[in-house]
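Visitor:
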Amino acid sequence: MMPTRYLLDAEGRAAIARLMTRRPLLGFDFDGTLAPIVMHPDEARLPEPTAKLLERLAARLPIAVVSGRQVLDVRHRLGFKPTHIVGNHGAEDEFDGPDTRVVTTLGAFRDRMLRMEPDLNRAGATIEDKGASIAIHYRMAPNPVAAREAIAALIAELPPGVLTEPGKRVVNVLVDGAPDKGDAMTRLTARYGADAGFYVGDDTNDEPAFERAAADWVTVRVGPRLDHSHARYYLNEQAEIDDVLRLMLEHLGDPGEGRPGPLFGT
Ligand SMILES: [Mg+2]
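Put into structure tokens, the structure is as follows:
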């Protein structure tokens with residue numbers, strides 16, 4: 723594991739400059755990375771300036787949004803059209819659909835979950851079934867301890883091949899060996915013939931993308947420096963993402979909105 727450095731200091735900016743001289747695939751997590759964390763996950767959206775910056779970048783480089791949400795759920799929250807969306811933590815491809823083995827394996831868990839759903843709801847936890855994964859949220863629980871206990875009772879018995887991963891006020895139910903965000907980034911860099919990669923995310927399910935990045939990729943975890951993250955760089959807060967996007971555009975010679983760039987024949 724390399725030491726984590728601040729992305730917007732001189733060394734981090736130089737790493738972005740180097741990256742942009744190549745043809746990188748740019749990968750972005752959605753919640754907490756492109757979109758600010760909100761109390762109601764259903765209200766999460768890209769701020770308009772972020773969407774505008776990404777739209778300009780997407781005209782120049784392949785842009786992937788790699789989310790824990792379903793593809794259908796994340797698409798209408800973006801306000802720009804990325805090159806590719808991957809959902810379900812890596813297990814659902816916008817064009818190829820959800821991983822079928824994963825959907826089948828989750829079936830056995832789903833039966834038990836539906837039986838226990840009333841207990842979970844009483845404890846303030848809500849189930850979000852995303853087909854290729856399931857999220858049990860307790861962000862809104864009046865008593866988070868009670869909610870966590872109800873979730874613990876549900877996941878005390880898991881069918882073969884099913885595992886859980888805690889996130890921010892959520893427990894994700896996933897299939898062991900399901901494609902993760904690391905697999906997604908590897909697959910997409912090959913698909914788009916990219917020479918390098920950039921990936922930024924803010925949560926546990928982003929770590930596989932950091933961990934399996936090639937040595938010359940730029941990987942970034944959003945949030946105060948975490949020494950146990952596999953990301954090489956960090957940002958202090960989500961709002962700094964616009965500075966990163968602007969920096970990328972500058973290195974591509976994009977002079978900014980409203981002015982013609984080199985792509986437009988001036
Ligand atoms: Mg996130």
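Residue numbers (my numbering): 723 to 988.
All residues carry an ideal CB built from backbone N, CA and C; glycine is no exception.
According to DSSP, simplified to helix, strand and coil, what is G790?
Guide: If DSSP states are grouped into helix, strand and coil, G790 belongs with coil.
Visitor: Cα separation between G983 and N810?
Guide: Unreliable placement is indicated for G983, whose pLDDT of 49 sits below 50; the coordinate value is still reported in the next sentence. Each residue's Cα considered, the two are about 36 Å apart.
Visitor: Name, in chain order, the residues that DSSP records as bridge partners for E929.
Guide: None, per the DSSP bridge assignment.
Visitor: Go to P1004, then tell me how far its beta strand (DSSP E) extends in each direction, as first and last residue.
Guide: Because the chain spans 723 through 988 in this model, residue 1004 falls outside it and cannot be assessed.
Visitor: Under a CB-based cut-off of 9 Å, is P769 close to chain B?
Guide: Structure shown: chain B not included; a single protein chain is present.
Visitor: In whole angstroms, what separates the C-alpha of F831 from that of M970?
Guide: So the two alpha carbons sit approximately 43 Å from each other.
Visitor: Just checking my contact of L948 with T755 at CB under 8 Å: how many whole Å lie between their CB atoms?
Guide: Actually they are not in contact, since the Cβ atoms of L948 and T755 sit about 14 Å apart, beyond 8 Å.
Visitor: Can you look up A916 in the DSSP assignment and give me helix, strand or coil?
Guide: Here A916 sits in coil by DSSP.
Visitor: Measuring alpha carbon to alpha carbon, tell me which residue in V787, L794, R744 is nearest D764.
Guide: Residue L794 is the option with its Cα nearest to D764.
Visitor: Could you check if D902 is buried or exposed, using at least 16 other CB atoms within 10 Å of its CB as the buried criterion?
Guide: Its Cβ being crowded by 16 or more others within 10 Å, D902 is buried.
Visitor: Starting from A737, trace the alpha helix (DSSP H) both ways and give me its first and last residue.
Guide: Residues 732-742.
Visitor: Within a Cβ cutoff of 6 Å, which residues of the same chain sit near E814, ignoring the five residues on either side of it in sequence?
Guide: Hits under 6 Å: V793, P820, A854.
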